[in-house]
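Colleague: Residues 1 to 738, numbered by UniProt numbering, are exactly what the sequence shown covers, in order. Note that the Cβ used here is the ideal one computed from N, Cα and C, for glycine as well. Would you mind keeping the following structure in view while I ask a few things?
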Amino acid sequence: MSDRYELVLTCPKSLEGLLAEEAVGLGLAEVREQVAGVRGLGDLETAYRLCLWSRLANRVLLVLGRFPVGSPDELYQGVQTLDWQDHLLPSGSLAVEFNGHGSGIDNSHFGALKVKDAIVDQLRRHSGQRPSVDKLNPDLRIHLRLERGEAVLSLDLSGYSLHQRGYRLQQGVAPLKENLAAAILIRAGWPRIAAAGGALVDPMCGVGTFLVEAGMMAADLAPNLRRERWGFGNWLGHVPALWKKLHAEAEERAAAGLARPPLWIRGYEADPRLIQPARNNIERAGLDGWIRVYQGELATFEPHPDRGQTGLVVCNPPYGERLGDPASLLYLYQHLGERLRSRCEGWEAAVFTGAPELGRRMGIRSHKQYAFWNGALPCKLLLFRVVPEQFVTDRSEPAPGDARMIGGQLVERPPAVRSAPARLSEGGRMFANRLQKNIRSLGKWARREGIECYRLYDADMPEYALAVDLYRDWVHVQEYAPPRSVDPEKAQVRLLDALAAIPQALDIDPARVVIKRRERQAGSRQYERQDQQGRFMEVGEGGVKLLVNLTDYLDTGLFLDHRPLRLRIQREAAGKRFLNLFCYTATATVHAAKGGARSTTSVDLSKTYLDWARRNLALNGFSEKHRLEQADVMDWLAADRGEYELIFIDPPTFSNSKRMEGVFDVQRDHARLLDLALARLARGGVLYFSNNFRKFQLDPLLAQRYALEEISAQTLDPDFVRNPKIHRAWRLQAKQRD
């Protein structure tokens with residue numbers, strides 16, 4: 001066997017350049033980069049050192065041979081050219097990993113079987129014994145890569161991926177792999193900062209991966225010092241004395257490093273469930289004397305530049321998959337930028353993000369960016385120098401002590417308590433100006449009418465396709481899905497501009513802004529739960545109290561555009577039997593009850609919304625006389641024999657709930673629906689019919705059967721007059737007989 005081997009080091013995509021630099025420093029010669037790895041030449045000592053000290057590699061592969069492959073038989077013969085008695089006892093175990101295809105080999109399982117058979121057959125032929133297959137803990141793990149007709153046959157010295165250091169037995173929802181975290185720290189300059197005695201803080205530390213990797217670098221700990229099982233442990237070419245020598249040297253370096261005064265390394269985590277797992281990971285890594293973790297929000301992390309302390313702030317903010325995240329993430333990044341500017345001047349910062357456009361909202365210019373892959377997700381590492389010259393200051397700011405309208409109230413904020421406003425782009429300032437213009441006019445109307453919830457903005461400027469609703473001191477934002485003709489990146493930039501402007505324009509806490517995407521809902525999606533916060537808020541309208549939930553569902557439980565219809569029902573309900581079909585949360589029923597209805601009946605297919613309706617009625621002291629029916633409206637009408645003097649119908653555009661047979665389509669089915677409902681209308685009674693389908697056309701034959709009047713214009717309050725197509729409404733009665 002040669003004293004010098006070809007070695008291949010694999011790594012996550014985008015780490016090749018860093019790994020090449022590291023490998024050269026650990027003694028690998030003639031290093032060349034390749035996709036997701038590097039290769040070079042080194043002796044066995046170099047191979048062992050790479051296993052022990054590489055912070056970036058996934059695996060260290062010792063190449064046993066290269067040979068051409070034109071068919072499965074040639075693969076078999078090529079593997080048999082090696083003398084496997086030099087590598088594995090016949091009584092041992094092996095596992096084979098095969099990558100690639102071609103040369104008549106269509107899948108990796110077939111290729112792995114061919115390699116395994118070649119090894120087993122040769123050893124059995126020589127000794128009469130055959131090795132066993134053990135995929136979990138084999139004595140020898142063989143790797144074969146087939147590409148363009150060439151096979152590269154290697155021994156995996158690692159055994160299992162080197163990113164698994166052994167300290168992280170507990171992890172969070174979306175943890176970074178340890179070698180990716182190490183790469184980020186290296187790119188961010190942490191080895192240089194640590195060598196100068198600098199500090200490190202992670203304000204969103206999760207289970208502490210950045211903290212541990214940074215601590216191991218600073219204390220000169222070999223990342224795989226504590227690993228107990230290696231791929232070379234039962235390899236016949238293994239030289240235990242050489243390995244023990246290198247391991248002992250690493251132990252000595254670790255002892256010397258940990259004996260030095262520890263650097264200031266701190267982590268902060270908002271989720272209390274992650275604090276103990278983080279501390280356990282730190283203890284297993286042997287760094288509990290170096291690293292501290294505290295439970296706290298982003299606002300609690302507190303470096304000490306006033307004491308001359310400088311260093312690195314590093315974090316991996318959440319990427320945001322759930323409904324509402326665009327708003328919360330935007331404000332998180334803005335808050336992070338504000339915290340850096342106000343508490344970390346003179347420091348360096350590294351933000352690893354899957355949403356680099358949010359990094360541009362931090363109010364600090366990034367001086368360098370690196371592309372990374374976190375699994376299959378493209379990410380960016382943004383590097384910052386937290387110095388005033390890098391702060392983004394070319395933004396207009398309101399005058400101290402200026403007055404703002406919020407919820408229809410004029411609020412003046414004293415200069416002494418004003419926090420730094422969001423730095424707005426030109427588009428953001430334009431959007432903020434429109435919001436302030438709208439609230440000046442609508443606020444007067446809302447105060448005069450005693451209205452707590454109203455639409456402030458509804459795509460007034462086409463490029464900002466949002467609906468912005470005020471619910472007392474909360475803001476509910478619905479983003480209309482842009483058409484395919486609009487560049488998604490431009491749409492995202494405009495959305496972020498608008499979200500940045502809302503808290504400043506309305507002088508409201510960003511935590512009270514909720515965002516959802518509004519698009520055509522298919523089937524039962526309008527009923528699907530979007531979140532699990534279960535936070536209900538009481539609002540008032542026309543003398544009744546109603547519960548809204550801004551976070552958990554696409555709709556809030558209160559359709560603001562139907563306010564005039566609800567108030568009309570309240571005025572007309574006295575002494576009448578009221579029927580509410582497709583009742584949703586039964587807000588119209590509460591108004592009817594408030595107006596003195598003799599009885600009410602509300603029908604809906606959703607148990608969730610009927611429970612909500614029950615709470616709305618109880619909140620206003622109504623219960624006994626008010627019936628809630630869970631049923632398909634069409635079936636219920638066909639079976640019901642009651643009479644009602646006042647009926648309200650506001651059907652969905654489309655529904656195919658699992659609880660109903662067939663599909664309801666308002667355009668196709670409205671005539672039959674109205675026929676069934678009007679058959680239940682008492683003599684002299686009135687039926688109000690409304691829907692929000694923009695292309696809706698009323699069946700002209702209905703005018704021949706009933707007295708009907710379109711009242712759409714009468715059912716629009718000032719907050720919806722600029723969008724007259726929000727809904728259409730009709731008043732229907734039986735025709736008077738001569």
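1) Are there 16 or more other CB atoms within 10 angstroms of the CB of L377, so buried, or fewer, so exposed?
2) Can you have a look at D719 and say buried or exposed, based on whether 16 or more other CB atoms are within 10 angstroms of its CB?
3) Within its chain, find whatever has a CB closer than 8 Å to the CB of N620; leave out the 5 residues flanking it on each side and keep chain order.
4) With H, G and I counted as helix, E and B as strand and the rest as coil, what does DSSP make of T601?
5) Should Q34 be counted as a contact of the ligand NAP given a C-beta to heavy atom distance under 7 Å?
6) Within 10 angstroms of its Cβ, does Q334 collect 16 or more other Cβ (buried), or is it exposed?
7) Once DSSP output is grouped into helix, strand and coil, what is the label at E452?
8) What does the Cβ neighbour count give for residue 810, buried or exposed, with the cut at 16 atoms within 10 Å?
9) For N616, report the span of its alpha helix (DSSP H) as first-last.
10) Taking just the CA atoms, how far does W445 sit from D585?
11) In its own chain, which residues sit with a C-beta less than 7 Å from the C-beta of L702, not counting the 5 before and 5 after it?
12) Over what stretch of residues does the alpha helix (DSSP H) that includes Q630 continue unbroken?
13) When burial is assigned at 16 or more other CB atoms within 10 Å of the CB, is E16 buried or exposed?
14) Are the segment 105-124 and the segment 178-198 touching by the rule of at least three beta carbon pairs closer than 8 Å?
15) What residues in its chain sit with their C-beta under 7 Å from that of G596, if we drop five residues either side in the sequence?
16) Note down the Cα distance separating I569 from R484, rounded to an integer number of angstroms.
17) When you compare only the Cα positions, how much space is there between residue 740 and H562?
18) In three-state DSSP terms, what is N281?
19) Is the separation between the beta-carbon of A222 and that of L263 shorter than 8 Å?
20) Among D134, T310, S93 and H367, which one has its Cα closest to the Cα of A194?
21) Any idea which residues DSSP pairs N99 with across the strands?
22) Quick check on this structure: which residue in R361, M537, M362 and C379 has the alpha carbon closest to the alpha carbon of Q369?
23) Within this structure, are the beta carbons of D288 and A254 separated by less than 8 Å?
24) Sorted by chain position, which residues of the same chain lie with C-beta nearer than 7 Å to L470's C-beta, five sequence neighbours on each side aside?
25) Could you tell me which whole alpha helix (DSSP H) segments of length 4 or greater appear in the segment 481-523?
26) Give every residue of the same chain whose Cβ lies closer than 6 Å to the Cβ of A729, excluding the five residues on either side of it in the sequence, and list them in chain order.
27) Taking a contact to mean a Cβ-Cβ separation below 8 Å, would you say L82 touches D139 in this structure?
28) Between the segment 26-42 and the segment 198-215, are three or more C-beta pairs nearer than 8 Å?
29) If distances are taken between C-alpha atoms only, which option among T551, Q436 and G540 comes closest to T587?
30) Less than 8 Å between the CB atoms is what I'm expecting for S602 and E629, so what's the real figure, rounded?
31) Take R717 and list the residues in its own chain whose beta-carbon comes closer than 7 Å to its own, dropping the five residues that flank it on each side.
32) Starting from A256, trace the alpha helix (DSSP H) in both directions and tell me its first and last residue.
33) Is there contact between the segment 64-77 and the segment 34-51, where contact requires at least three CB pairs shorter than 8 Å?
34) Based on DSSP bridge pairs, tell me the residues matched to L646.
35) Where does L323 sit, in a helix, a strand or coil, going by DSSP?
Modeller: If we stick to the structure as given:
1) exposed
2) buried
3) V544, K545, V590, A593 and K594
4) strand
5) Absent from the structure shown: the ligand NAP. Ligands present: none.
6) buried
7) coil
8) This structure cannot speak to residue 810, because the chain is shown only from 1 to 738.
9) K607 to L619
10) Position check: residue 585 holds Thr in this sequence, whereas Asp was assumed. If you take the alpha carbons of T585 and W445, they lie about 26 Å apart.
11) A671, L674 and L708
12) Segment H626 to Q630 is the beta strand (DSSP E) holding Q630; no alpha helix (DSSP H) there.
13) buried
14) no
15) A573, A574 and G575
16) 41 Å
17) Absent from the model: residue 740. The displayed extent of the chain is 1 to 738, so no value can be given.
18) helix
19) no
20) T310
21) R145
22) C379
23) no
24) G407, C453, Y454 and L456
25) 488-506
26) S690, I711, S712 and T715
27) no
28) no
29) G540
30) 7 Å
31) Residue identity differs from the one stated: residue 717 is Asp in this sequence, not Arg. R563 and P564, listed in sequence order.
32) P240 to A259
33) no
34) F578 and V686
35) In this predicted model, L323 has a pLDDT of only 36, less than 50, meaning its place in the structure is not dependable enough to derive any value.
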